[in-house]
Amino acid sequence: MRRSLLCWYGAQGRDLPWRRSRDPYAIWVSEIMLQQTQVKTVIPYYERWLAQFPTVTALAAADQTQVLKAWEGLGYYARARNLHRAAQVIVEQHGGQFPADLSTALTLPGIGRTTAGGILSAAFNQPVPILDGNVKRVLARLLAVAVPPNRALAALWQASEALLDPQRPRDFNQALMDLGATCCTPRNPACLLCPWQPHCLAHQRNMQNELPIAETRAPLPHKQIGVAVIWNEQGHILIDRRKPEGLLGGLWEFPGGKIEPGETVQDCIRREIWEELGIEIEVGDRLIVIDHAYTHFRVTLNVYHCRHLSGDPQPIECDEVRWVTAAELDQFPFPKANLQIIAAIRAAST
DNA sequence: GATCCGTGGTG
DNA sequence: TCACCAAGGAT
């Protein structure tokens with residue numbers, strides 16, 4: 001079984017930038033970026049990141065705004081914050097070298113069992129198993145697991161470890177992920193091309209389209225949000241930096257908040273700006289309406305031009321506030337939905 | 001152990 | 001349009 005998979009990998013494996021490297025730092029960066037994120041999305045971010053932060057020392061020395069700006073648009077921003085912190089730990093406590101043993105790697109922020117296995121096998125050819133989304137699906141089909149994969153984690157980890165090739169753990173783990181990504185796909189798997197088809201219980205039972213069993217999910221709530229683009233008499237715009245933890249932590253945004261039942265958008269914006277920044281504004285024309293979906297809810301951003309009337313903005317429910325020119329907005333990391341607001345501001349002023 | 005955490009691709 | 005999913009981890 002190992003040989004058939006490795007043979008398939010030799011012929012069908014993907015040529016990916018990080019596979020050409022044995023630098024633990026570069027491989028680590030790729031593993032973090034690839035969490036819940038597709039290869040095609042990651043590649044340009046990976047290339048830019050290594051050009052900007054070529055070593056763990058360079059990353060450790062960067063400031064968080066630079067780091068978040070380089071991550072802007074990738075999502076799950078805690079990954080960038082943790083990567084940054086871990087780089088500082090590696091410089092301060094591990095002599096600038098990524099730890100080569102599993103238990104130490106697992107102490108670093110942002111590194112769990114799968115990521116640690118991915119790094120240690122790829123960088124050091126250590127026989128450490130992995131269990132990412134691809135491997136869960138491959139093994140759930142191979143073994144015809146009768147419950148959602150997340151209800152069978154112990155068995156799946158055991159299988160990943162038992163199957164792992166002790167001679168070629170690097171290639172084996174990469175092969176297993178490629179098999180899931182390109183052959184044993186979520187829908188319409190290419191069983192005829194699969195090296196493990198003779199061993200696959202799902203295929204033998206013609207259940208490859210029914211497995212793995214899907215997790216049940218709650219419906220997504222939908223929130224209406226009022227957002228203010230506040231101008232002062234100098235033609236500057238007010239932005240704020242979100243608190244360092246939680247949703248979009250550390251990123252900048254245009255201030256606003258949730259519209260309460262029975263409240264107009266304009267009332268909401270005036271109230272939120274008073275509560276969060278302690279200033280009075282006049283709500284003017286509508287700038288843009290943006291629908292955006294997060295993992296656990298959807299939002300509609302109702303964005304309005306506003307005019308500053310009185311008061312000095314205070315960081316009451318955020319970390320920092322700042323008046324900036326439209327040209328300066330590019331220097332700050334914003335969430336994706338806010339980039340649309342910036343584009344609308346530019347379009348409206350030309 | 002259930003929830004939280006972004007964004008883009010896909011059928 | 002929409003649900004599902006992607007090289008998961010932290011709390």
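For the first sequence, the UniProt record's numbering assigns the number 1 to the initial residue and increments by one for each residue that follows. Ideal Cβ positions, reconstructed from N, Cα and C, are used throughout, including at glycine. Here the structure is a predicted model, which is why all the values come from computation and not from measurement.
Between A144 and R205 the beta-carbon gap is near 6 Å, inside 8 Å, which marks them as a contact.
By the neighbour-count criterion, in which a residue is buried when 16 or more other Cβ atoms sit within 10 angstroms of its Cβ, P149 is buried. Of the residues assessed, D15 falls on the exposed side of the cut-off, its CB having fewer than 16 other CB atoms within 10 angstroms.
Per DSSP, reduced to three states, the secondary structure at G235 is coil, with no helix or strand assignment.
Within the model, the alpha-carbon separation for T295 versus D330 is close to 26 Å.
Distance from the Cα of R217 is smallest, within the candidate group A181, W252 and F297, for F297. Collapsing the DSSP output to three states places C306 in a strand. With three or more CB-CB distances shorter than 8 Å, the stretch 268-277 counts as touching the stretch 299-316. Of the other Cβ atoms in all chains shown, 16 or more fall within 10 Å of the Cβ of S121; this residue is therefore buried. When secondary structure is reduced to three states using DSSP, I316 falls in the coil class, being assigned neither helix nor strand. With distances taken between CA atoms, N173 lies nearest to G118 out of G118, V299, V283 and R322.
Collapsing the DSSP output to three states places W196 in coil. Using a Cβ-Cβ distance cut-off of 8 Å, the stretch 327-345 and the stretch 258-269 are not in contact, since fewer than three pairs of beta carbons, one from each stretch, lie closer than that value. Residue nearest to A155 within the set V135, R168, A123 and A344 is V135 (criterion: CA-CA distance). I130 sits in coil when the DSSP states are folded into three classes, being neither helix nor strand. In this structure, the beta-carbon distance from L68 to P333 falls below 7 Å.
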